[in-house]
Amino acid sequence: MQFPEVRNVHIFIRTFGYFDVFVDGVPILFRSEKAKELLALLVDRRGGYVSSAEAISILWENEPLSDQTRSRYRKVAMRLKDTLEQFGVSEIMESTQGKRRIIADNVECDLFDYLIHGESASSRFLGSYLRNYSWGEITLSELMYLHEKRDEVDLLRSI
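If you read the sequence shown in the working numbering, its first letter stands for residue 1218, the second for the next number, and so on.
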């Protein structure tokens, strides 16, 4: 019986500023911008499952759910899967019953670090989040609120 080769790679996902994914310091070059955007959406959902209907409503926000958009989504999801496999990092995404999610434990991500570690990771957040995607503004407002609250706590501690 043969087992697949296990590779130890460092996967870093940058969400502060422009979205990018790095494998051992090298950025992944996505052939499909929509595949990259789908991965950004999965990261934005912080490990929660995203259904195909939800992803379609965000990735093609001005188009109704239809056979055509479902077909486009399946192609985008397959391109994302292929890209992750090409770079040897398919273990960062899980697909089940038509839903997908990022496996947060398999990556380092500035967003996850900031939410978990707060102050120690706060130097990375400078008020910009997923600049590539307008739908990221919702999370940006949450991050700005959290950042302001942390600043208030820091100010009170210094008094």
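Quick reminder that beta carbons are idealized off the backbone N, C-alpha and C, glycines included.
DSSP bridge partner residues for residue i (one or two, in chain order)
i, result
"PHE1229", "PHE1239 and GLU1325"
"SER1312", "ARG1317"
Residue i burial status per 10 Å Cβ neighbour count (16 or more: buried)
i, result
"VAL1293", "buried"
"THR1300", "buried"
"ARG1291", "exposed"
"VAL1306", "buried"
"ARG1248", "exposed"
"ILE1355", "exposed"
Three-way DSSP call (helix, strand, coil) for residue i in this model
i, result
"GLU1222", "A caution first: GLU1222 carries a pLDDT of 44, below 50, which makes its placement in the model unreliable, though a value can still be read off. It is coil, neither helix nor strand."
"SER1381", "The question about residue 1381 has no answer here: the residues shown for the chain are numbered 1218 through 1376."
"SER1268", "strand"
"SER1345", "coil"
"GLU1365", "helix"
"TYR1350", "coil"
CB-CB length for residue i against residue j, believed under 8 angstroms
i, j, result
"ARG1341", "PHE1233", "5 angstroms"
"ILE1333", "ILE1319", "The pair is not a contact, with the Cβ atoms about 15 angstroms apart (cut-off 8 angstroms)."
"ASN1323", "ILE1228", "7 angstroms"
Residue interval of the beta strand (DSSP E) (run including residue i)
i, result
"ILE1319", "1316–1319"
Terminal residues of the alpha helix (DSSP H) in which residue i lies
i, result
"ILE1245", "Counting along the chain, ILE1245 falls outside any alpha helix (DSSP H), and DSSP gives it neither H nor E."
"GLU1278", "Looking at the DSSP string, GLU1278 is not in any alpha helix (DSSP H), and its letter there is neither H nor E."
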